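The block underneath contains the structure these notes are about, expressed in structure tokens.
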Amino acid sequence: MVRARLLIYGLVQGVFFRATMKEVADSLGVKGWVRNLPDGRVEAVLEGPEDKVNDVIKWAHKGPRMARVERVEVIWEPYKGEFKSFSIRYY
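In terms of my numbering, the sequence shown opens at residue 688 and continues consecutively.
In structure tokens form, the structure reads like this:
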């Protein structure tokens with residue numbers, strides 16, 4: 688089990704990025720959260736099996752259809768197992 692924090696740059700707000708990431712994470716059994724940041728980035732914390740977390744990271748590099756992802760920063764953190772589901776957070 689692994690944990691990754693993502694910072695996603697580009698046109699990633701107002702394009703259903705959070706909602707679509709939740710759908711992707713839920714379908715893969717990945718837990719954690721996603722939120723918009725005031726500076727226009729999206730931040731997410733993902734926990735789950737390494738291959739499934741990597742699948743969400745791969746998806747984040749392209750995002751939903753209307754997004755224009757410029758860069759995804761991945762920070763690997765110690766696994767905590769603190770989430771029961773995947774949620775959308777509001778700041």
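Glycine is no exception: its CB is placed at the ideal position from the N, C-alpha and C atoms.
Remember, predicted model here, so these are calculated numbers, not experimental data.
Would you call residue i buried or exposed, if buried means 16 or more other Cβ atoms sit within 10 Å of its Cβ?
i              : result
glutamate 769  : exposed
valine 734     : Reading off the sequence shown, one finds glutamate at residue 734, where the question assumed valine. Classification of glutamate 734: buried, given that the 10 Å Cβ count is 16 or more.
methionine 688 : exposed
arginine 690   : buried
lysine 749     : exposed
According to DSSP, simplified to helix, strand and coil, what is residue i?
i           : result
alanine 731 : strand
lysine 767  : coil
valine 699  : coil
Name the two residues that bound the continuous beta strand (DSSP E) containing residue i.
i            : result
valine 740   : Taken as a continuous stretch (DSSP letters only), valine 740 belongs to no beta strand (DSSP E), being part of the alpha helix (DSSP H) at 737-747.
arginine 752 : No beta strand (DSSP E) contains arginine 752, which DSSP labels as neither H nor E.
Whose C-alpha, out of the options, is nearest the C-alpha of residue i?
i              : options                   : result
asparagine 741 : Val729, Lys718 and Asn723 : Lys718
Which two residues bound the contiguous alpha helix (DSSP H) that contains residue i?
i          : result
valine 717 : Neither: valine 717 is in no alpha helix (DSSP H) and is coded neither H nor E.
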